[in-house]
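*Asks:* Before I ask anything, let me first share the structure, which is written out below as structure tokens.
Numbering (the UniProt record's numbering), first residue to last: 1 to 88.
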């Protein structure tokens with residue numbers, strides 16, 4: 001069945017939440033794979049965070065993304081300490 005022939009694209013809900021009609025699983029997988037491939041093509045050439053590997057539009061001066069997780073904070077603090085030591 002194509003999504004146009006299935007009510008609500010094959011999605012329904014019951015007491016446990018949303019579920020997809022098994023006949024639509026392959027179609028949904030293909031649509032998601034195509035969307036992810038399009039995103040990957042769009043992001044080609046974007047800079048990559050030196051710590052986590054996330055692609056971003058712009059890195060900070062330490063070569064990191066904008067995340068504020070503890071490892072990112074620690075890496076920035078270490079880079080600041082190295083800058084201070086270099087300026088002595």
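Where a beta carbon is used, it is the ideal one built from N, C-alpha and C, also for glycine.
1) For residue 1, is the classification buried or exposed, using 16 other Cβ atoms within 10 angstroms of its Cβ as the cut-off for buried?
2) From which residue to which residue does the alpha helix (DSSP H) around residue 42 run?
3) If you follow the alpha helix (DSSP H) that residue 84 is in, where does it begin and where does it stop?
4) Does the Cβ of residue 43 have 16 or more other Cβ atoms within 10 Å, making it buried, or fewer, making it exposed?
5) Along the chain, where does the beta strand (DSSP E) containing residue 89 start, and where does it finish?
*Replies:* Inspection of the coordinates gives the following:
1) Low confidence applies to residue 1: its pLDDT is 48, below 50, so where it sits in the model is not reliable, and the reading given next is rough at best. By the neighbour-count rule (16 or more Cβ atoms within 10 Å), residue 1 is not buried but exposed.
2) 25 to 43
3) 70 to 86
4) exposed
5) The structure shown does not extend to residue 89, since the chain is modelled only from 1 to 88, so the question has no answer here.
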